[in-house]
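As structure tokens, the structure follows; a few thoughts come after it.
Numbering (the numbering used here), first residue to last: 3 to 1068.
Laid out in structure tokens, this is it:
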């Protein structure tokens, strides 16, 4: 079965590429479910012999999440429905959608993913895996129903279906967890059903440890809520008719053969074990009968053909749920037969409606007339499916319904009431079946004959194939009986049978009465329409919308009360509640201190702790922002020193690096904030915050003491060192814990970091789609070189055309050799007063050394202090130095990469490092040891966890780069725009095209400077504001305005390089 699921996963991935071939891509994709259908047919001997094929894959064994598959009789038939109907619908899509339709790759990919999830749902033997596939079908159905997301009705229907089915799924998850952990319970479906059937569920060896029956009943009820929500059973039925906003192929698959059958399948799977629970019988009978009658009644009121089928589907689902959950083997067998029959006739009818709509442009039965004569094959197929749905002899629907009547007639009071309700619902079914076929295909007097504009055998073929199933399983009912009888016999009682002709008797008489009354109800539709057009005073959909509006109103009031826009208020609420809850638990609980508490182990620890506390207190009292940040930094470094004094160098190193980056972030933000905190003498609030801080700190300390003293078993630290080396192949316990023992946590954390970093940085500044760090883009002029020269540029549409190579050529002619060396690429874009030669030279000298040390931390961190996190932070500090020394252009020149690409690459590497062990036969995130001998180093041992650590390293470097880009470079750019007042200089974006220019061209351009007199471009381009510009000075002349001497001119960029006249300064 894993092969089948893998095929669907691959199909979902390649579907967008396949659909580039056009609509025929659907035909190619239909081969995947078709071949899967063929593979399942080859399993007939094994399934019928009871040798059920299966498979097992331990995904998260610690959580009992094991992908166990077991293809028994019920799972096999459901898999055939999922794959067979899926192949037919995909083939049908090749003509249903127009050749110019948008989003076909998306639709095909989601459809394949849904089919794979549905196949996994009906074959898994693990309840947690079932829930996983259950929710995947909800997600994919949301995307399929909302495929036309530009329409409000589609979006609303998708959200409504998702909320209802997901809410039911959450209730079901609670029930699954309870049934899995109670005595006798299990997360394996087969074991759980067997335990419940034997009466061992909830029963422990010691009577006092047994689970109360009310707990079991509640868990069963919660599971049924999930099943009923999925299968649109009252009161959750309203989402299915609204979902008809989806494309017709989606309705034919999800709402006839796949998704809505998930709840019915679960009830049929659990019925042998839980049908004797009183809550089961009440919920199934009440929900099934109510759904059957309400759906049939509503179907008679509809004029849209899809809505007629939609409410008919609701009615039929109620009938099937009633049958499979009734609790007797005969009814279960009849329900399983109806499940197959419904999949055949309802998918046929939905596809027929799609073809009618495709050919005529309408689904309104009041506007259709004479369509059956123009597409007779489709009309005939719809007639066959309709006769099966109405329960005419010779068809699959008749077989199942007749078996149900045989099982109920002559029974007790509940059985009698049930068959009467089935008969009433069947009368409505006959009536709306005739209404559907008459409305879609019959010629109506007084209605103009409908024009059929197009026909296609590609659409007619799947309709005929699916319609033939209603006839095949009607005449060959013994085939269904042979397959489903073993599953039905798990229930105690008289077994029933599925036969094509059950003989004359009272059940057949009831069937004749049903057919007669149904035909009469349809014939008298004109008289009863005024009565059925009335709406019920209470509607489930109205209650749903009122509930949603009430939740919106409640959330708005709660938000207004709690989300005041004040960070101190938020922290006060969180800290106060947490502190009170913990302190109350300690005060009311039975706790006595078991550990002796001492203030410190050495005088050095006490001194460092005192300084740390003092720095924190002074930081809280400081009114100058920078002073407060620096004092916070001292406090953080004090904590790192305490770690070191307690013998935790790895934690100390990480704390130092984290605190350094925190200081950088604070300082970057402080540049745009006032120098001092606002003076608000709120004495009461300040004392309240002080009390909250003190209380929370005391609570944290007390909680640590309580947690340490509550230990009753030997601490894991005793064996942690040895196991870290044996299983993780490393001596640094902290690093081995992060990348091996608790690698799942680390992977989740870096995923959150990537998501938050990208989201927050995009909210801070959005400039362009690339979001790149400036790499000599948007150059600001005038700019200065190391020696203080100024580069001026004229204004044109292309923006400043300054070129670094030309500037170097110009600078080479300055009469101050050795004083104009460029230490950093972007430093000459900084204002002269912001530059420091010492910082630039120092950064240039130690930058690569810091990077080398960061790589050492990365590769040596498995056995020594360091690791990917510490190494990434150190590399980030190197980038901070480069940015501080050279500005935003230097940052772009240093790392001309998008931070998101770095973080995404790191996350991908970490993910591959987690999955590769699985491909090699191991478990996810399992580490291995690689040993080899090299010349000069001798024996080399490398743990494969290093690749996961490399991913962490890249994520951290990308995070730091993102911080520098958003809080550093972009703040700089905005500050330049806001604070630049020189009217003669404009900031315009220009592409960095330096690489496109060769050294030869630049050399020739500079040679022209020497041989030709300078000229200036004084013309203005359309749309460009031309500012008056003074004529440039010739070399050696003094500018009367600035007192500066011109030393060289570059006419290719119309830039003049001038230097300060040292003689004039004297």
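Backbone N, C-alpha and C fix where the C-beta goes; we use that ideal spot for every residue, glycine too.
| query | On the premise that residue 160 lies in contact with residue 231, defined as a C-beta separation below 8 angstroms, what is that separation, rounded to the nearest angstrom? | reply | The sequence position of residue 231 within the chain shown is 229, counting from 1. The sequence position of residue 160 within the chain shown is 158, counting from 1. About 16 angstroms; that fails the 8 angstroms criterion.
| said: Beta-carbon within less than 8 angstroms of residue 675's beta-carbon, same chain only, minus the 5 sequence neighbours each way: which residues are those? | reply: Along the chain shown, read from residue 1 onward, the residue named residue 675 stands at position 673. So the qualifying residues of the chain are 627.
| request: List in chain order: all unbroken beta strand (DSSP E) runs of 3+ residues lying wholly within the segment 824-856. | output: none
| request: Could you name the residues that DSSP lists as bridge partners for residue 941? | output: Counted from its first residue, the chain shown places residue 941 at position 939. Answer is 935.
| request: Compare the beta carbon distance of residue 125 and residue 184 with 9 angstroms and say whether it is the shorter of the two. | output: Position 123 of the chain shown, counting from 1, holds the residue named residue 125. Position 182 of the chain shown, counting from 1, holds the residue named residue 184. Contact flag unset, no.
| query | Roughly how many angstroms lie between the CA atoms of residue 612 and residue 589, to the nearest whole one? | reply | By 1-based counting over the chain shown, the position of residue 612 is 610. By 1-based counting over the chain shown, the position of residue 589 is 587. Near 29 angstroms, if we compare the C-alpha coordinates of residue 589 and residue 612.
| Are the C-beta atoms of residue 940 and some chain C residue less than 9 angstroms apart? | The displayed structure is made up of one protein chain only, and chain C is not part of it.
| Under 9 angstroms, do residue 431 and residue 372 count as touching if we go by C-beta distance? | For the purposes of this step, residue 431 is identified with residue 429 of the chain shown, where counting begins at 1. For the purposes of this step, residue 372 is identified with residue 370 of the chain shown, where counting begins at 1. Taking 9 angstroms as the Cβ cut-off, residue 431 and residue 372 do not qualify as a contacting pair.
| said: Measuring straight from C-alpha to C-alpha, what distance separates residue 2 and residue 728? | reply: An answer regarding residue 2 cannot be provided, because it is not within the stretch 3 to 1068 covered by the chain.
| query | For residue 1025, which three-state DSSP category applies? | reply | Mapped onto the chain shown, residue 1025 falls at position 1023. For residue 1025, the predicted structure reports a pLDDT of 40, less than 50, and the residue's modelled location is therefore unreliable. The matter cannot be settled from this model.
| Tell me which same chain residues have a C-beta within less than 6 angstroms of the C-beta of residue 55, skipping the five on either side of it? | Here residue 55 refers to the residue found at position 53 when the chain shown is read from its first residue. Contacts found: 45, 48 and 73.
| Between the segment 19-31 and the segment 136-152, do at least 3 Cβ pairs fall closer than 8 angstroms? | no
| query | Taking DSSP as the reference, what is the three-state secondary structure of residue 202? | reply | Residue 202 sits at position 200 when you count from the first residue of the chain shown. DSSP places residue 202 in coil when its eight states are reduced to three.
| task | Along the beta strand (DSSP E) that carries residue 71, what are the first and last residues, could you check? | result | Sequence index remark: in the chain shown, residue 71 carries index 69 (1-based). Segment 67-72, the beta strand (DSSP E) holding residue 71.
| Once you ignore the five residues that flank residue 916 on each side, which residues in its own chain have a CB closer than 6 angstroms to its CB? | To locate residue 916, count along the chain shown from 1; it is residue 914. 926 and 927.
| task | Return the chain-ordered list of same chain residues with a C-beta closer than 8 angstroms to the C-beta of residue 37, the five sequence neighbours on each side being excluded. | result | Taking the first residue of the chain shown as position 1, residue 37 is located at position 35. 9.
| In chain order, which continuous runs of the beta strand (DSSP E) of length 3 or greater are located wholly inside the segment 34-98? | 56-62 and 67-72
| When DSSP labels each residue in this structure, what does residue 648 get in the three-state scheme? | Residue numbering aside, residue 648 sits at position 646 when the chain shown is read from its first letter. Here residue 648 sits in coil by DSSP.
| residue 489 versus residue 498: straight-line alpha-carbon distance, rounded | Your numbering for residue 489 matches position 487 in the chain shown. Your numbering for residue 498 matches position 496 in the chain shown. In a straight line, the C-alpha of residue 489 is about 12 angstroms away from that of residue 498.
| query | When the Cα of residue 330 is compared with those of 586, 378 and 487, which residue comes out closest? | reply | The sequence position of residue 330 within the chain shown is 328, counting from 1. With distances taken between Cα atoms, residue 330 lies closest to 487.
| task | Kindly provide the ranges of any alpha helix (DSSP H) runs that are 4 or more residues long and lie completely inside the segment 414-460, ordered along the chain. | result | 415-443
| said: Which residues does DSSP list as the beta-bridge partners of residue 366? | reply: Along the chain shown, read from residue 1 onward, the residue named residue 366 stands at position 364. Per DSSP, 306.
| query | Are the beta-carbon atoms belonging to residue 31 and residue 17 less than 9 angstroms from one another? | reply | Translated into the one-based positions of the chain shown, residue 31 becomes position 29. Translated into the one-based positions of the chain shown, residue 17 becomes position 15. For residue 31 and residue 17, yes; Cβs fall inside 9 angstroms.
| Limits of the alpha helix (DSSP H) - the one that residue 480 falls within | Within the chain shown, numbered from 1, the residue matching residue 480 stands at position 478. Residue 480 -> alpha helix (DSSP H) spans 479-490.
| request: To the nearest angstrom, report how far apart residue 484 and residue 120 are at their CA atoms. | output: For the purposes of this step, residue 484 is taken as residue 482 along the chain shown, with counting starting at 1. For the purposes of this step, residue 120 is taken as residue 118 along the chain shown, with counting starting at 1. One C-alpha to the other measures close to 24 angstroms.
| said: Just to confirm my understanding: we take residue 760, look at its own chain, exclude 5 residues before and 5 after, and list those with CB closer than 6 angstroms. What are they? | reply: Counting from 1 along the chain shown, the entry for residue 760 is found at position 758. Only 902 meet the Cβ criterion.
| query | My guess is that residue 313 and residue 290 are in contact by the Cβ rule of under 8 angstroms, so how many angstroms apart are they, rounded? | reply | As a first step, residue 313 must be located in the chain shown, where it is residue number 311. As a first step, residue 290 must be located in the chain shown, where it is residue number 288. Between residue 290 and residue 313 the Cβ distance is about 16 angstroms, and since that is not below 8 angstroms, they are no contact.
| field | the segment 395-408 touching the segment 252-267, judged by at least three CB pairs closer than 8 angstroms | value | no
| task | Can you have a look at residue 333 and say buried or exposed, based on whether 16 or more other CB atoms are within 10 angstroms of its CB? | result | For the purposes of this step, residue 333 is taken as the residue at position 331 of the chain shown. It is buried - the Cβ of residue 333 has at least 16 other Cβ atoms within 10 Å.
| request: In the DSSP assignment, find the unbroken alpha helix (DSSP H) run with residue 727 in it and report its ends. | output: Counting from one through the chain shown, the residue named residue 727 turns up at place 725. Unbroken alpha helix (DSSP H) run through residue 727: 719-730.
| Nearest to residue 241 (by Cα), restricted to the options 222, 251 and 261 | The residue you call residue 241 lines up with position 239 of the chain shown. Per the Cα distances, 261.
| Straight-line gap, residue 922 to residue 122 (C-alpha atoms, nearest Å) | For the purposes of this step, residue 922 is identified with residue 920 of the chain shown, where counting begins at 1. For the purposes of this step, residue 122 is identified with residue 120 of the chain shown, where counting begins at 1. Going by the C-alpha atoms only, they are around 23 angstroms apart.
| request: With DSSP collapsed to three states, give me the class of residue 318. | output: In the chain shown, counting from the first residue as 1, residue 318 sits at position 316. Helix, per DSSP.
| Rounded distance between the beta-carbons of residue 881 and residue 845, thought under 8 angstroms | Numbered from its first residue, the chain shown carries residue 845 at position 843. Numbered from its first residue, the chain shown carries residue 881 at position 879. Going by Cβ atoms, the distance from residue 845 to residue 881 rounds to 11 angstroms, so no, they are not a contact pair.
| task | Assess, as a yes-or-no matter, whether the segment 383-395 is touched by the segment 295-310 under the definition of 3 or more beta carbon pairs within less than 8 angstroms. | result | no
| task | In angstroms with no decimal places, state the Cα-to-Cα distance between residue 939 and residue 864. | result | Here residue 939 is taken as the residue at index 937 of the chain shown, counted from 1. Here residue 864 is taken as the residue at index 862 of the chain shown, counted from 1. Each residue's alpha carbon lies about 18 angstroms from the other.
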